[in-house]
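Colleague: Those protein sequences? They're chains A and B, same order as listed. Under this note's numbering, the first residue of the first sequence carries the number 1, and numbering increases by one thereafter. Under this note's numbering, the first residue of the second sequence carries the number 114, and numbering increases by one thereafter. Even glycine gets a Cβ: it sits at the ideal position worked out from N, Cα and C. Here's a structure for you.
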Amino acid sequence: EAGVTQFPSHSVIEKGQTVTLRCDPISGHDNLYWYRRVMGKEIKFLLHFVKESKQDESGMPNNRFLAERTGGTYSTLKVQPAELEDSGVYFCASSQDRIGTQYFGPGTRLLVL
Amino acid sequence: QKEVEQDPGPLSVPEGAIVSLNCTYSNSAFQYFMWYRQYSRKGPELLMYTYSSGNKEDGRFTAQVDKSSKYISLFIRDSQPSDSATYLCAMTSYNNDMRFGAGTRLTVKP
Numbered sequence: 001e002a003g004v005t006q007f008p009s010h011s012v013i014e015k016g017q018t019v020t021l022r023c024d025p026i027s028g029h030d031n032l033y034w035y036r037r038v039m040g041k042e043i044k045f046l047l048h049f050v051k052e053s054k055q056d057e058s059g060m061p062n063n064r065f066l067a068e069r070t071g072g073t074y075s076t077l078k079v080q081p082a083e084l085e086d087s088g089v090y091f092c093a094s095s096q097d098r099i100g101t102q103y104f105g106p107g108t109r110l111l112v113l
Numbered sequence: 114q115k116e117v118e119q120d121p122g123p124l125s126v127p128e129g130a131i132v133s134l135n136c137t138y139s140n141s142a143f144q145y146f147m148w149y150r151q152y153s154r155k156g157p158e159l160l161m162y163t164y165s166s167g168n169k170e171d172g173r174f175t176a177q178v179d180k181s182s183k184y185i186s187l188f189i190r191d192s193q194p195s196d197s198a199t200y201l202c203a204m205t206s207y208n209n210d211m212r213f214g215a216g217t218r219l220t221v222k223p
């Protein structure tokens, strides 16, 4: 069974540009999560989808971040316009149940210059 | 004060040693406690999952939860060089998103 995949693995962009990260969860997992780890800090929750609906987006830093999960399958996280402080590793995770085991993807390393 | 406190290390031990990792937390609502292992350039991988207080053992790994002290531990027996990684504690309740510790970087030297 394929695990959670994320694309791209790395992205280097300039301040003010737009970047879109993609996450493909494990097939059949209704729950999809986005997390971020900035350098030197702990992994922090961004938002949680149940199928195509946003269950909890309390962790989204500001309105420059937009997450979608059309059709309840893969999800995208767009940052527009990107700022220097957005640099970090963005992880996606999926689970079958709300409190079930979350399986993490390898992350997308974003560097904003 | 952070909700979850974890000593970032680094921690270096000789092969075969018993490793003790721990986290403290402040939110008494947390009921589910996890330990993740993360190798360099990879995503976190779930190692242990416990509900409420008590012990859970899986091979060389033992997780302990003491809710009265708001303290969780992970013990690794007969540590191996392949155990070298960053270990993250995480916890949640049904209505809360998951909170992570900062991670402890462990090196097991042959």
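Taking the alpha carbon of S95(A) as the point to measure from, which residue in T18(A), L21(A), F49(A) and E14(A) has its own alpha carbon closest?
Modeller: Counted from its first residue, the first sequence places residue 95(A) at position 95. Cα-wise, what sits closest to S95(A) is F49(A).
Colleague: Is there a Cβ from chain A that is less than 7 Å from the Cβ of G156(B)?
Modeller: By one-based count along the second sequence, residue 156(B) stands at place 43. It does: the Cβ of G156(B) has a partner Cβ on chain A nearer than 7 Å.
Colleague: Report the CB separation of R109(A) from H10(A) in whole angstroms; it is logged as a contact under 8 Å.
Modeller: On the first sequence, position 109 is the one that residue 109(A) refers to. On the first sequence, position 10 is the one that residue 10(A) refers to. That belief holds up - the Cβ atoms of R109(A) and H10(A) are roughly 5 Å apart, short of 8 Å.
Colleague: Would I13(A) and V112(A) be called neighbours here (beta carbons separated by less than 7 Å)?
Modeller: In the first sequence, the residue the question calls residue 13(A) occupies position 13. In the first sequence, the residue the question calls residue 112(A) occupies position 112. Closer than 7 Å, so yes.
Colleague: Let me know the secondary structure DSSP gives S141(B) once reduced to three states.
Modeller: As a position in the second sequence, residue 141(B) is number 28, starting the count at 1. S141(B) falls in the coil class under three-state DSSP.
Colleague: When the Cα of T137(B) is compared with those of V126(B), D179(B) and Y200(B), which residue comes out closest?
Modeller: Position 24 of the second sequence, counting from 1, holds the residue named residue 137(B). Residue D179(B) is the option with its Cα nearest to T137(B).
Colleague: Consider the Cβ of L84(B): report whether some Cβ of chain A lies at a distance smaller than 7 Å.
Modeller: Because chain B here runs from 114 to 223, residue 84(B) falls outside it and cannot be looked at.
Colleague: With a threshold of 6 Å on Cβ separation, who are the neighbours of N135(B) within its own chain once the five nearest residues in sequence on each side are excluded?
Modeller: The residue you call residue 135(B) lines up with position 22 of the second sequence. Only S186 meet the Cβ criterion.
Colleague: Can you find the residues in the same chain that come closer than 6 Å, C-beta to C-beta, to F213(B), ignoring five residues on each side of it along the sequence?
Modeller: Residue numbering aside, residue 213(B) sits at position 100 when the second sequence is read from its first letter. If we look at F213(B) and ignore the five residues flanking it on each side, its Cβ neighbours are L201 and A203.
Colleague: Is DSSP giving E68(A) helix, strand or coil here?
Modeller: The residue given as residue 68(A) occupies position 68 in the first sequence. Strand.
Colleague: If you draw a straight line from the alpha carbon of Q17(A) to that of S87(A), how long is it in whole angstroms?
Modeller: Position 17 of the first sequence holds residue 17(A). Position 87 of the first sequence holds residue 87(A). Their Cα atoms are separated by approximately 13 Å.
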